Amino acid sequence: MLIRKEKGRTFIFLCTAILFLFFMLAAMMNSQVMSIIDRIVVSAIPHGSNFLHIMFSAVSFVAKPAFDLVYIILLTLILWGMNYRITAVWSLGYGVIGYLLGTIVKHLVKRPRPIGHLLTDTGYSFPSGHVLGTFMVMAILFIGFVPFVRSKSKRLLIQFLLCIWVILVMMSRVYLQAHFPTDTIGAVLLAYAWLQVSEMLYVKWAPKLKEKTIFSESYM
Numbered sequence: 047m048l049i050r051k052e053k054g055r056t057f058i059f060l061c062t063a064i065l066f067l068f069f070m071l072a073a074m075m076n077s078q079v080m081s082i083i084d085r086i087v088v089s090a091i092p093h094g095s096n097f098l099h100i101m102f103s104a105v106s107f108v109a110k111p112a113f114d115l116v117y118i119i120l121l122t123l124i125l126w127g128m129n130y131r132i133t134a135v136w137s138l139g140y141g142v143i144g145y146l147l148g149t150i151v152k153h154l155v156k157r158p159r160p161i162g163h164l165l166t167d168t169g170y171s172f173p174s175g176h177v178l179g180t181f182m183v184m185a186i187l188f189i190g191f192v193p194f195v196r197s198k199s200k201r202l203l204i205q206f207l208l209c210i211w212v213i214l215v216m217m218s219r220v221y222l223q224a225h226f227p228t229d230t231i232g233a234v235l236l237a238y239a240w241l242q243v244s245e246m247l248y249v250k251w252a253p254k255l256k257e258k259t260i261f262s263e264s265y266m
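In terms of the working numbering, the sequence shown is numbered consecutively and its last residue is 266.
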């Protein structure tokens with residue numbers, strides 16, 4: 047199985063979920079704690095560079111939520127074609143339900159975007175849809191594709207680059223003033239908490255799906 051039962055997954059979920067709920071409630075109440083965190087992070091990011099503006103605009107464009115959904119569908123189809131059909135169903139469910147959770151949270155929190163937004167994104171600010179989608183795409187790659195790389199050093203390099211990409215997307219959304227830094231942190235926490243739940247569901251239901259005709263020859 048690409049996803050196995052692991053001790054501590056429930057604990058990790060609880061810790062991540064509690065942190066996310068803290069950020070979510072703080073955003074709803076316009077907490078000073080959130081403002082302090084946002085100011086500290088924003089002050090650490092350089093501004094006024096044409097190169098950074100072009101780079102982060104390109105990163106933000108590639109990481110659009112609509113594109114991320116397309117990436118997830120493509121990865122699902124590839125997994126299905128590789129005969130990892132159960133993992134394919136998991137990846138699609140993880141991505142689609144994750145987007146629904148993000149949309150629900152956005153409309154619960156209703157946090158306005160920062161003043162001076164440099165792009166044309168609309169809608170509420172918390173959590174960042176770009177970061178949420180990017181994290182989910184990277185998680186699917188981590189779990190469904192990276193294990194097939196035989197070289198340990200290459201696997202580590204790929205994992206490192208995937209992490210860097212998530213960080214770049216987070217930075218791009220803050221640099222372009224599309225989101226507060228805490229919006230991007232909240233998106234990572236939501237995606238990671240949902241990942242723990244989806245992995246637990248996979249471990250529980252994958253053997254049962256294996257009994258179905260359509261999945262009987264599928265790898266797990």
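Ideal placement from N, C-alpha and C gives every residue a C-beta, glycine not left out. No experiment lies behind these values; they were computed from the predicted model shown.
Within the stretch 49-124, the complete alpha helix (DSSP H) segments of 4 residues or longer fall at 55-74, 78-90 and 96-108, listed in chain order. Around the beta carbon of isoleucine 100, a 10 Å sphere encloses fewer than 16 other beta carbons of the protein chains shown; the residue is thus reported as exposed. When C-alpha distances from leucine 203 are compared across Val212, Val192 and Gly54, the shortest belongs to Val192.
Counting every other CB atom within 10 Å of its CB across the protein chains shown gives tryptophan 251 a total below 16, marking it as exposed.
In the three-state DSSP reduction, alanine 224 falls in the coil class, being neither helix nor strand. Lysine 254 carries a helical assignment under DSSP once its states are collapsed to helix, strand and coil. Look at arginine 131 here: in three-state DSSP terms it is helix.
Per DSSP, reduced to three states, the secondary structure at methionine 266 is coil, with no helix or strand assignment.
In the three-state DSSP reduction, glycine 169 falls in the coil class, being neither helix nor strand. Under the criterion of beta carbons closer than 8 angstroms, leucine 147 and threonine 122 do not qualify as touching, at roughly 18 angstroms.
The beta carbon of valine 183 lies closer than 8 angstroms to those of Asp114, Tyr117, Ile118, Leu121 and Gly141 in the same chain, with the five residues before and after it left out. Between alanine 239 and the set Phe68, Ala73 and Leu60, the nearest pair of CA atoms involves Leu60. In this structure, the alpha-carbon of alanine 233 lies about 11 angstroms from that of histidine 225. Secondary structure of valine 195 (DSSP, three-state): coil. Three or more Cβ pairs closer than 8 angstroms define a contact, and the stretch 124-139 meets that threshold against the stretch 252-259. Taking C-alpha positions only, serine 171 is separated from serine 106 by approximately 15 angstroms.
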